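Here the protein sequences come in this chain order: B and D. For the first sequence, UniProt numbering gives the first residue as 1, with consecutive numbering after it. For the second sequence, UniProt numbering gives the first residue as 1, with consecutive numbering after it. All C-beta atoms in this analysis are idealised placements derived from N, C-alpha and C, irrespective of residue type, glycine included. Everything numeric in this text was worked out from a predicted model, so none of it was measured. Below is one structure; the comments refer to it alone.
2 protein chains.
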Amino acid sequence: MAGRQKIYDEDAALNAAIDVFWQQGYEKASSRDLQKAMGIGFSSFYLAYKGGKQELFAKSMQRFFTLYPQPFLNLLKTIDNPVEAIRQYYYVMTEPNGKFSQFGCYFSNTIFQADENEFKDAAAKNLGRIADAFYDALLRAKDAGTINPSIPTELWKTYLLNLWTGLNTTKSIEKDQSILRATIDFSLKVFE
Amino acid sequence: MAGRQKIYDEDAALNAAIDVFWQQGYEKASSRDLQKAMGIGFSSFYLAYKGGKQELFAKSMQRFFTLYPQPFLNLLKTIDNPVEAIRQYYYVMTEPNGKFSQFGCYFSNTIFQADENEFKDAAAKNLGRIADAFYDALLRAKDAGTINPSIPTELWKTYLLNLWTGLNTTKSIEKDQSILRATIDFSLKVFE
DNA sequence: CCTAAATTGTATCAATTGATACATAATTAT
DNA sequence: ATAATTATGTATCAATTGATACAATTTAGG
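See below:
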């Protein structure tokens, strides 16, 4: 393995790219924006990501899932009261200074903003994985008698997805944090 | 008033522009795409819309409201059972071959896709106008004893907005029309 | 008819886009 | 040391963007 050493940190660069895509979306994030944020030039960019912006975005979305939803989904497996945990997860969309309320949901944004159907499908699949994990945790709580849902089992995933994806837009219309949280609370009551 | 006569129909051209913006969003709809759909050239385009794409979009969004939500909001004022009417309105998002399910909600899309905050705010305001009309109709029905809502009055608008804006994304994840409709039905039960 | 006003068609502009070419620099194996 | 290999910096490409210039065309009023 001869050759010059990398002058930049690959992980740090990818994390920087995630934030650029998160803020601007796939189409609006230009390759120059990305390179600037990643602290690298054209040559290093296309050497590391031969597929260019497309390849970078695919890896970026993959790591986003690993960084943000995945730890929570793992936690959810060990928790007795999933409704309360899910509520806190949804609350992050209402925190005025958080990345989620400012940039929105990475996956929902992608479904809206990306041209390539490949990315839309991948984003939808990631949201589906989250809904699946929510479903599993709630089903365990129901079987254990911790919760007594009044909503039919077959609607759980879509109902929870719709609450989350809705918040992603609604937060731009309704700025009052307490109203948003009250709407989350009310919507989640059907699981208690 | 001397001068050459317009060779194209202004209303038809604006309607064509609406569909282009609806399908592609403000940023992705290029001025050439718009001109082609409108059946006019550069000169006529910038003569009719001196503000260019921005002015055309502003007028397009205005007319969209007049063409689609407005007639329904007028109808809502004359109706005894607003919940059933609102349900049907929400159902359009689940019709596989309809413009709404294919292109999504014009206003929600704009909030996600437009760069200019001016357009995001205008889109949010339009959604607010719809929510206001829903609120008024439901309040009348409650006062008349037609419905017996179990959701606090102060959450009505946000709850209804969230259901609608959520569907705009959720329909891309959950393709089963019957599940989508069942979710709408279940969510609207709190007003009955 | 003729002139001023309004509309249209074509060519073109500067800026930005994603991406590549190519020379230079640094590192390791032989 | 020298060759092979990897990384970097700069210049540049073709395509597309929103927008303008300008001449040609059509129409109404005098």
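At least 9 Å separates the CB of K6(B) from every CB of chain D. The three-state secondary structure of P69(B), taken from DSSP, is helix. Within the segment 91-171 of chain D, no complete beta strand (DSSP E) segment of 3 residues or longer occurs.
For the pair L127(D) and I184(B), the CB atoms are not nearer than the 9 Å cut-off. Residue-level contact by beta carbon fails for D136(D) and chain B, as no gap is shorter than 9 Å.
In this structure, L73(B) is the residue among L73(B), A58(B), A2(B) and F65(B) with its C-alpha nearest to the C-alpha of D136(B). Secondary structure at G39(D): coil, using DSSP grouped into helix, strand and coil. Spanning the alpha carbons of S150(B) and F186(D) requires a straight line of approximately 10 Å. Taking the Cβ atoms as the reference, I147(D) lies roughly 6 Å from V83(D), within the contact range of under 8 Å. Taken atom to atom, the span from the alpha-carbon of D143(B) to that of K189(B) is near 18 Å. A Cβ-Cβ distance of about 12 Å is found for the pair L76(D) and A131(D), leaving them out of contact under the 8 Å criterion.
In this structure, I18(D) places its C-beta atom within 9 Å of the C-beta atom of R63(D). Using beta-carbon distances, Y159(B) counts as an interface residue toward chain D, with a partner under 9 Å. K175(D) and G98(D) have their alpha carbons spaced roughly 14 Å apart.
The alpha-carbon separation between W164(D) and Q23(B) amounts to approximately 24 Å. At a Cβ-Cβ threshold of 9 Å, F191(B) and L138(B) count as neighbours.
Counting C-beta atoms within 10 angstroms of its own C-beta, P152(D) has fewer than 16 neighbours from the protein chains shown and is therefore classed as exposed. For a Cβ distance threshold of 7 Å, residue set N162, L163, T165 and G166 of chain B lies close to G166(D), ordered along the chain. By a beta-carbon distance limit of 8 Å, N162(D) contacts T170(B). Their separation comes to about 5 Å. Less than 9 Å separates the beta-carbon of A114(B) from that of G25(B). Residue contact check for L155(D) against chain B: a CB pair falls below 9 Å.
Between T183(B) and chain D, the shortest Cβ-Cβ separation is below 9 Å. Within 8 Å of the CB of E174(D), the CB atoms of chain B belong to K157, T158 and L161, in sequence order along the chain. Rounded to the nearest whole angstrom, the C-alpha separation of A13(D) and D80(B) is 59 Å. Counting only the Cα atoms, I111(B) lies some 15 Å from Q54(B). Looking at the backbone, the Cα of Q35(D) and that of A182(B) are separated by about 46 Å. Contacts with chain D at 9 Å (Cβ-Cβ) include F112(B).
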